[in-house]
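The block underneath contains the structure these notes are about, expressed in structure tokens.
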Amino acid sequence: MLTQTRTAARLAALLLAATTATGLVACTSSETSGGGGPTSSEALATVTSPVAHTPAQGTGSLGLPCGEQEFLARFTTRQKLAQMLNVGVTGEADARRVIEQEQIGGFFVTSWADPSFLASGRVAAVAAESEVPVMVTIDEEGGRVSRAKHVIGASPSARELARTRTAEEVYDIARQRGAALRELGITVDFAPVVDVTDQPDNAVIGDRAFGANPDVVTEYAGAYARGLRDAGVLPVLKHFPGHGRATGDSHVEGVTTPPLPELLGHDLVPFRSLIGTGAAVMVGHLTVPGLTEPGTPSSLSPATMSLLRSGVGYGAAPFDGLIFTDDLGSMRAVTDLFDITESVLRSLQAGADIALWISTDRVTDVLDVLEGAVASGELPMSQVDASVVRIGKAKGLVDC
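Here is the structure:
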């Protein structure tokens, strides 16, 4: 598997890096505006790899159309599972190592990564060395969560933007910053925050949110997401099903939201409105009375993933975009409960497409556990294939 020459693979990755948002949100046919002007209603084009692949016998568990079967046939089981991981790196050597050793599907540029890795332009070069284009992610919200400000400059917080700018101006800001990120090799931004909150500015969500009014959050977050998307960067709406009114900080403890019925007309409104606009979604580590199973935060909860996927229960359209977890490796709402191998397995069993954590240290251990789970039937191959196809579409590698 994946036996094509590295030269051809690098060409595929470089072509992907040169695309705009049409490749990132492939297969999305129509979009609704999140504020700040209309969006295109034309079908978005896909970008496919120029590398030809011969389907392997016996690997097709889904019987999929439009190139999906051929795409899946490129991978061994372990390589499929590696596509479902996004891990934090400390710099160029760390990123290159995890790509070469485990063919990881994506890496996360952390706040403690060597600043020169991003500033030098080496991110794109390293990502292009992979046989399958790598998804390069970052937390770049503006305000106090801004991992690229040393390169692209600072930006006001979401709350300040909503107070001082129009939605169209916010769209322009996001598009400009997205273009700068794309130039650096970033393909996915874990932004915007669509939580609804009136917390003080310095609270865990606080000024990271656009406000306390669900309609305002929807308008401004939608404009921000559209700006990123139009710049060629995949936006990620977070933190489903809503962190804005949760008790505490999931970085340091388990947190609980109001019961699900109370979220329906408030915290879930922006998700319901923006779910069909070509963005991915990040699921938070939240205990939600009436939704999550006992002892299971939403990032590991089958009920939460089902709510998001189906839309049934909160009035949204079905969602077939990417689902990311929040960080599984350092946030105590999860780490106090499970080892990283167990939390990654549980998140994928629940229905996440991509498990995120902040270090490359345990990647081999995680993949060993995941391979065992597939072999035993604990993690169905059909579910893995469905996630890998979604990832392939987001990378522009599936021609439908």
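When you line the sequence shown up against mature numbering (1 follows the signal peptide of the UniProt record, and there is no 0), it's residues -26 to -1, 1 to 374, in that order.
Ideal Cβ positions, reconstructed from N, Cα and C, are used throughout, including at glycine.
Under the three-pair Cβ rule at 8 Å, the region 161 to 172 counts as touching the region 211 to 221. Around the beta-carbon of D163, 16 or more other beta-carbon atoms lie within 10 Å, marking it buried. For E143, the closest alpha carbon among the candidates E193, E157, S280 and H124 is that of E193. For the 8 Å CB-CB criterion, G185 and A136 form a contact. Using a Cβ distance threshold of 8 Å, V308 and P271 count as a contacting pair. Annotation for V63: the continuous beta strand (DSSP E) segment containing it runs L59 to V63. Judged by beta-carbon spacing, L296 lies within the 8 Å limit of I365, meaning their Cβ atoms are closer than that value. Assignment of M256 by DSSP, reduced to helix, strand and coil, places it in the strand class. Non-local C-beta neighbours of R182 in its own chain, meaning closer than 8 Å and more than five positions away in sequence, comprise E115, G117, R118, V119, S131, A132, R133, V167 and D169, ordered along the chain.
Between T266 and A277, the C-beta spacing is below 8 Å.
A straight line joining the alpha-carbon of Q357 with that of G325 spans about 8 Å.
Taking all protein chains shown into account, A205 has 16 or more neighbouring C-beta atoms within 10 Å of its C-beta and is therefore buried. Put simply, of R121, S317 and F245 the residue whose alpha carbon is nearest the alpha carbon of W331 is S317.
Cβ-Cβ distances below 6 Å link G289 to R246 in the same chain, with the five nearest sequence neighbours on each side left out; the list follows chain order. A67 has its alpha-carbon roughly 33 Å from the corresponding atom of R200. When DSSP reads this structure, L234 sits in no beta bridge, so it has no partner.
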